[in-house]
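>
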Amino acid sequence: MRGRDLGLSVAEIRALLSLMNSSEFTCGEVLDMASSHLASIKTKICDLRKLKTSLTRLVRDCEGGEAKDCPVIDALAGVRSA
């Protein structure tokens, strides 16, 4: 599996490659980087779940009628909380 397949940024991949080329490279350093990346992914997943809940509610509440009554537009304008 390649670094980009794991969602690593180019900078993270460069840092890992730099570690691999170091004579003092340890698996613990790689573990720290991988653990940090995993924590970031978990946070993004949590944020995406919240976004999905909000957007699902807005789509459910939208009746497809007049734009003046659109809950999606209201949420974007800050009229109604998502």
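Be aware that the sequence shown starts at 15, since it is given in the numbering used here, and climbs by one per residue.
Here a beta-carbon is modelled for each residue, glycine too, at the ideal position from N, C-alpha and C.
Since the model is a prediction, treat every value here as computed from it, not as a measurement.
In this structure, does DSSP put C84 in helix, strand or coil?
Three-state DSSP puts C84 in coil, outside helix and strand.
> With distances taken from CA atoms, which of D83, L22 and K82 is nearest H51?
L22
> Distance, Cα to Cα, T67 vs K58?
Going by the C-alpha atoms only, they are around 14 Å apart.
> Answer yes or no: do G17 and I27 have a C-beta to C-beta separation smaller than 7 Å?
I27 sits close to G17, with the two beta carbons spaced by under 7 Å.
> Does S32 come out as helix, strand or coil in the three-state DSSP assignment?
helix
> Which word fits C84, buried or exposed, when buried means at least 16 other C-beta atoms lie within 10 angstroms of its C-beta?
buried
> Could you pull out every residue in the same chain whose Cβ sits closer than 7 Å to the Cβ of C76, ignoring the five residues on either side in sequence?
C84, P85 and V86
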